[in-house]
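Participant:
Protein chains: 2
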Amino acid sequence: MEFKKDNFSEWYNEIVETSQLSDKRYPVKGMNVWMPYGLKIMQLIDRIIRDEVDRRGFSEVQLPLLITRNQLAVEFEHLKGFEGQVYWVTRGGLEPLEVEAALRPTSESAMYPMFSLWIRSHADLPFKLYQIVNTYRYETKHTRSFLRVREIHFFEAHTAHVDYEDAERQISEYLEIMKSIAGRLGLNYLLDKRPDWDKFPGAVYTVAADALMPGGRTLQIGTFHNYGENFSKNYDITYETESGTRNYVSQTTYGMSERLLGAIIGIHGDDKGLILPPEIAPVQVVIIPIPSAKTDVNGTAAKIAKTLQDSGLRVKIDDRDAYTPGFKYNHWEMMGVPLRLEIGEKEVDGNFITAARRGISGRVKMHAQDIFPEVREQLDEVQKKIMEKSVQFHNDHLSSISETYEVNKDGNAYSVFWCGSKECSDRFEEMTEASCLGLRVGSKKKGKCIICGKDGHEAVFSRTY
Amino acid sequence: MEFKKDNFSEWYNEIVETSQLSDKRYPVKGMNVWMPYGLKIMQLIDRIIRDEVDRRGFSEVQLPLLITRNQLAVEFEHLKGFEGQVYWVTRGGLEPLEVEAALRPTSESAMYPMFSLWIRSHADLPFKLYQIVNTYRYETKHTRSFLRVREIHFFEAHTAHVDYEDAERQISEYLEIMKSIAGRLGLNYLLDKRPDWDKFPGAVYTVAADALMPGGRTLQIGTFHNYGENFSKNYDITYETESGTRNYVSQTTYGMSERLLGAIIGIHGDDKGLILPPEIAPVQVVIIPIPSAKTDVNGTAAKIAKTLQDSGLRVKIDDRDAYTPGFKYNHWEMMGVPLRLEIGEKEVDGNFITAARRGISGRVKMHAQDIFPEVREQLDEVQKKIMEKSVQFHNDHLSSISETYEVNKDGNAYSVFWCGSKECSDRFEEMTEASCLGLRVGSKKKGKCIICGKDGHEAVFSRTY
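Here the protein sequences come in this chain order: A and B.
Mind the numbering: the first sequence is residues 337 to 801 in the numbering used here, read in order.
Mind the numbering: the second sequence is residues 337 to 801 in the numbering used here, read in order.
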């Protein structure tokens with residue numbers, strides 16, 4: 337039996353628990369504890385995100401958690417969109433607050449009163465900020481670690497521009513950043529322009545990155561919103577042009593969350609456990625000394641570890657006496673460590689190292705002298721293999737269909753032609769349980785709507801998290 | 337006029353604003369925006385903290401923000417201590433919550449239900465965790481950036497031990513960590529054992545690190561609590577001993593906050609602005625090319641910058657055309673940059689660099705070739721000078737007195753003999769406005785109580801933030 341294939345949902349829960357990523361036994365439902373290993377992976381993902389946005393001129397800030405009802409109410413669509421799904425703070429100590437405040441569900445209404453103070457002239461634009469904070473949603477659906485939680489580890493970029501065209505350029509830059517981050521994480525995704533009824537409250541339009549997950553659902557791992565002047569007009573964010581007039585800024589945002597980690601677990605992992613891209617593995621190389629009566633395997637292990645650490649790798653020696661090498665192999669495979677080095681008598685005598693790569697069968701021999709380049713090369717192999725498998729999975733599970741009966745309840749994402757109407761989208765969902773992710777970005781394909789037969793464009797439908 | 341000396345409070349507010357560390361114009365009072373420069377400094381401080389605790393075997397976790405009333409109520413003293421000063425979430429969406437929840441004021445009651453699940457046997461001990469999160473206090477006193485806020489950037493370590501003696505060893509390790517962190521930040525402090533009426537709600541005892549601030553108050557920058565079995569008995573945190581019986585663990589905590597940054601601003605800064613220890617300076621070296629018609633100063637600046645960046649330093653070239661070198665000197669002095677390199681015609685021709693050190697008068701010449709060791713040396717000089725000035729300030733403002741009339745309302749911290757009674761402490765405070773920080777840790781000095789004349793020990797009194 338292939339556990340992951342046969343019961344993805346149970347496999348996922350088990351791996352989150354056995355790899356000690358998150359503990360969901362905390363007394364508040366849907367708010368989980370980040371365990372050391374899971375937190376470390378998330379921090380390494382954040383490091384990649386910071387790297388990508390910092391070098392494109394973004395600055396990091398941190399806005400307060402609390403957003404007053406007055407702030408939220410400035411943009412009416414926005415308040416309406418969030419009012420029913422946020423946590424409300426109504427009391428400070430024993431006294432009711434004068435104005436009740438929401439725990440941020442996202443930070444438009446926290447940021448934009450400040451934008452209107454900070455932005456003065458065209459010379460301040462483009463204005464590019466981001467923050468990495470927790471956001472809060474009073475989620476009524478079934479929760480699941482990293483995929484649907486009530487306390488969300490969240491990245492949000494906010495920008496302001498001289499005009500809509502420059503905001504459009506920003507959306508293009510976001511897509512470039514998303515591509516680069518996903519590449520480093522070994523993830524693939526579809527880019528879908530959400531239908532109007534599913535766009536972000538207050539946005540002109542929303543594009544989302546949707547990853548295909550085993551188990552047959554898609555997971556939204558990134559969103560890109562163009563707000564035009566919808567928020568700037570309400571929050572009074574203007575700049576002085578070169579000619580001295582005042583214009584409203586155009587705005588955009590880009591959001592990602594701990595769902596990136598959920599996607600990594602779900603897409604890369606196998607029945608042995610996690611498989612981690614080397615860049616985000618808390619332990620990139622684990623060294624297992626094979627006990628020997630006549631050879632100093634621990635001495636060699638320490639020397640190799642030092643060499644690799646000095647070259648900047650995260651290395652761990654597992655020299656615990658109480659466990660057999662076989663037990664340790666299984667343990668570190670479960671934890672997703674990309675490379676395992678085995679050092680026993682024959683390795684020390686032969687001046688070589690035996691290496692096993694997570695997710696690639698067979699072992700390889702490395703020279704014990706000058707080992708770093710060979711280790712680096714094999715880590716790259718692991719990364720390459722993760723991406724290959726991920727692309728394969730993605731392609732295998734995106735199906736082009738022309739009739740609704742081709743929808744397989746086991747689940748895929750479906751590329752279809754769609755006329756764009758809500759009626760046809762609703763009808764498709766009733767028949768198949770797959771909902772509309774929107775028009776596929778970049779596709780020029782045209783055809784007859786799978787429901788009504790009128791002219792349509794390529795769209796994607798799937799069940800979602 | 338020496339602005340800092342004459343009006344510390346106003347000087348402090350102005351420096352926070354002009355150096356763009358924090359913006360207090362956010363619509364919720366006492367919740368400020370972390371601006372990019374301030375956030376970067378705080379992240380560099382956090383890096384030092386993580387470095388010091390990670391290498392002593394602590395693991396980082398993150399517990400949820402929300403703590404139910406039931407969780408808080410497990411330890412009665414603890415609930416009583418916090419009930420009146422926390423924010424309460426009472427509604428999710430449009431519905432009242434079944435059990436209302438507090439925004440964490442500190443995380444004992446979040447952590448310990450989990451400790452009782454995680455800790456099983458003596459082999460799990462000592463158990464050492466920490467987290468860096470925001471905490472929330474419904475503060476009624478006057479707020480001030482980094483010193484007294486309602487959303488607090490907080491570090492908290494939590495440990496569990498086989499017995500009280502081992503918990504005492506942990507407190508010693510904390511003191512060692514504090515010393516090391518403070519050393520890297522150029523800070524000095526007093527260690528005071530808080531009087532019983534001022535200890536942490538639920539603790540056996542509390543020791544605090546109190547820094548002397550200009551303006552005459554002390555600032556609590558670290559706290560160390562030994563909980564004994566007070567929490568473990570209430571949260572049922574037990575372990576199996578080697579002989580098979582079950583014992584309650586003994587517990588400790590260690591807390592620090594963004595007040596570290598407040599202390600750095602207040603103690604090191606001068607009338608020109610911030611002075612930052614090199615390790616936490618977002619820009620460690622700023623290079624100012626002095627425009628020249630006949631020499632390529634920018635080319636030399638870029639080469640020097642590259643050399644220093646490749647050696648791991650954070651370097652910025654300020655080649656803005658619109659500003660004069662003099663303006664730039666003032667600007668980067670205000671921002672606390674430790675080292676400024678000036679590169680003009682005579683420098684390029686003479687193959688040397690002129691360097692100015694923040695907080696040290698006079699300029700030095702460096703060889704343009706192989707410049708890194710000289711830069712490193714001068715950064716160390718800046719750090720040394722910061723510490724010297726800080727020690728001097730500390731010693732100058734801690735006064736041993738034997739009569740209350742020696743208390744100077746301009747403010748110092750006072751070492752006095754005190755019998756230990758609340759009555760004498762209250763009387764001293766009435767007469768001088770200085771309150772009791774507690775007995776000085778490590779002092780063996782004995783004498784007659786400054787108030788009642790009975791036998792006493794060395795204690796410290798001061799006004800506090």
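From the three backbone atoms N, C-alpha and C, an ideal C-beta is built for every residue, glycine too.
All values derive from a computational prediction rather than experimental measurement.
1) From this set, A:Ser-395, A:Lys-464, A:Glu-475, which residue's C-alpha is nearest A:Asp-502's C-alpha?
2) Under a CB-based cut-off of 8 Å, is B:Glu-396 close to chain A?
3) Since B:Phe-482 is in the beta strand (DSSP E), which residue starts that stretch and which ends it?
4) Name the two residues that bound the continuous beta strand (DSSP E) containing B:Ile-689.
5) Quick one: using the 10 Å Cβ neighbour count with 16 as the cut-off for buried, is B:Val-796 buried or exposed?
6) Taking the alpha carbon of A:Tyr-472 as the reference point, which residue from A:Ser-443, A:Asp-732, A:Gly-580 has its own alpha carbon closest?
7) Could you give the first and the last residue of the continuous beta strand (DSSP E) run that contains B:Arg-712?
8) Quick one: list the residues of chain B neighbouring A:Glu-487, beta-carbon separation under 8 Å, in chain order.
9) Which residues in the same chain as B:Asp-606 place their Cβ atom closer than 8 Å to its Cβ, once the five residues preceding and following it in sequence are excluded?
10) So the alpha helix (DSSP H) B:Arg-520 belongs to, where does it begin and stop?
11) Would you say A:Tyr-466 reaches chain B, if we count a Cβ-Cβ gap shorter than 8 Å as a contact?
12) Whose C-beta lies closer than 8 Å to the C-beta of A:Phe-418 among residues of the same chain, with five residues either side of it excluded?
13) Whether or not the segment 550-558 of chain A and the segment 494-509 of chain A are in contact is what I'm after, with contact meaning three or more pairs of Cβ atoms, one per stretch, closer than 8 Å; do they touch?
14) Where does the unbroken beta strand (DSSP E) through B:Pro-625 begin, and where does it stop?
15) Going by other Cβ atoms of all chains shown within 10 Å of its Cβ, with 16 needed for buried, is B:Gly-522 buried or exposed?
16) What in chain A is Cβ-close to B:Gln-421, meaning under 8 Å?
17) Could you tell me the boundaries of the alpha helix (DSSP H) in which B:Ile-385 lies?
18) If you pair each beta-carbon of the segment 771-787 of chain B with each one of the segment 743-759 of chain B, do three or more pairs fall below 8 Å?
19) Would you tell me roughly how many angstroms separate the C-alpha atoms of B:Met-371 and B:Gln-356, rounded to the nearest one?
20) Using 10 angstroms around the beta-carbon of B:Glu-594, count the other beta-carbons present and answer buried if the total reaches 16, otherwise exposed.
21) Going by C-alpha to C-alpha distance, which of A:Glu-681, A:Ser-586, A:Pro-709 sits closest to A:Gln-645?
22) In chain order, which continuous runs of the beta strand (DSSP E) of length 3 or greater are located wholly inside the segment 529-604 of chain B?
23) Whole-angstrom Cβ separation of A:Glu-411 and A:Trp-424, contact assumed at under 8 Å?
24) In whole angstroms, give me the CA-to-CA distance for A:Ala-617 and B:Val-684.
25) Can you check whether the CB of B:Leu-675 is closer than 8 Å to the CB of B:Gln-719?
26) May I ask you to list, following chain order, the residues of the segment 456-481 of chain B that have a beta carbon less than 7 Å from some beta carbon of chain A?
27) Apply the 10 Å Cβ neighbour rule to B:Val-727 and answer buried if 16 or more other Cβ atoms are within range, or exposed otherwise.
28) Since B:Gly-783 and B:Asp-528 should fall inside the 8 Å C-beta cutoff, what is the C-beta to C-beta distance between them, to a whole number of angstroms?
29) Please list, in chain order, all residues of the same chain as B:Ile-385 whose beta carbon is under 8 Å from its beta carbon, the five residues on each side excluded.
30) If you measure beta-carbon to beta-carbon, which residues of the segment 653-668 of chain B are closer than 9 Å to chain A?
31) With distance defined between alpha-carbon atoms, name the residue in B:Thr-636, B:Gly-648, B:Pro-627 nearest to B:Lys-664.
32) If you follow the beta strand (DSSP E) that A:Tyr-448 is part of, which residue opens it and which one closes it?
33) Check each candidate in B:Asn-524, B:Glu-346, B:Arg-699 and name the one with the smallest Cα separation from B:His-733.
34) Ordered along the chain, which non-local residues of its own chain (more than five positions away) have a Cβ less than 8 Å from that of A:Tyr-659?
35) For A:Tyr-802, tell me which candidate among A:Ala-629, A:Val-352, A:Glu-413 has the shortest Cα-Cα distance.
36) Going along chain A, which residues have a C-beta under 9 Å from B:Arg-361?
Facilitator: Answer, in terms of the structure:
1) A:Lys-464
2) yes
3) First-last for B:Phe-482: undefined, no H or E at that position.
4) 688-693
5) buried
6) A:Ser-443
7) First-last for B:Arg-712: 708-732, but that is the alpha helix (DSSP H), not the beta strand (DSSP E).
8) Pro-400, Leu-401, Leu-402
9) Lys-340, Gly-695
10) 500-521
11) no
12) Leu-408, Ala-438, Pro-441, Thr-442, Pro-537
13) no
14) 621-625
15) buried
16) Gly-429
17) 372-390
18) yes
19) 6 Å
20) buried
21) A:Pro-709
22) 541-548, 553-564, 574-576, 582-584, 586-593
23) The pair is not a contact, with the Cβ atoms about 18 Å apart (cut-off 8 Å).
24) 46 Å
25) no
26) Asn-470, Tyr-474
27) exposed
28) Rounded, the Cβ-Cβ distance is 17 Å, inconsistent with contact.
29) Ile-468, Phe-491, Ile-517, Met-592
30) none
31) B:Pro-627
32) A:Tyr-448 -> not in any beta strand (DSSP E); alpha helix (DSSP H) instead, spanning 444-454.
33) B:Asn-524
34) His-667
35) Look at the range of chain A in this structure, 337 to 801, and you will see that residue 802 of chain A is not part of it.
36) Pro-449, Met-450, Leu-453
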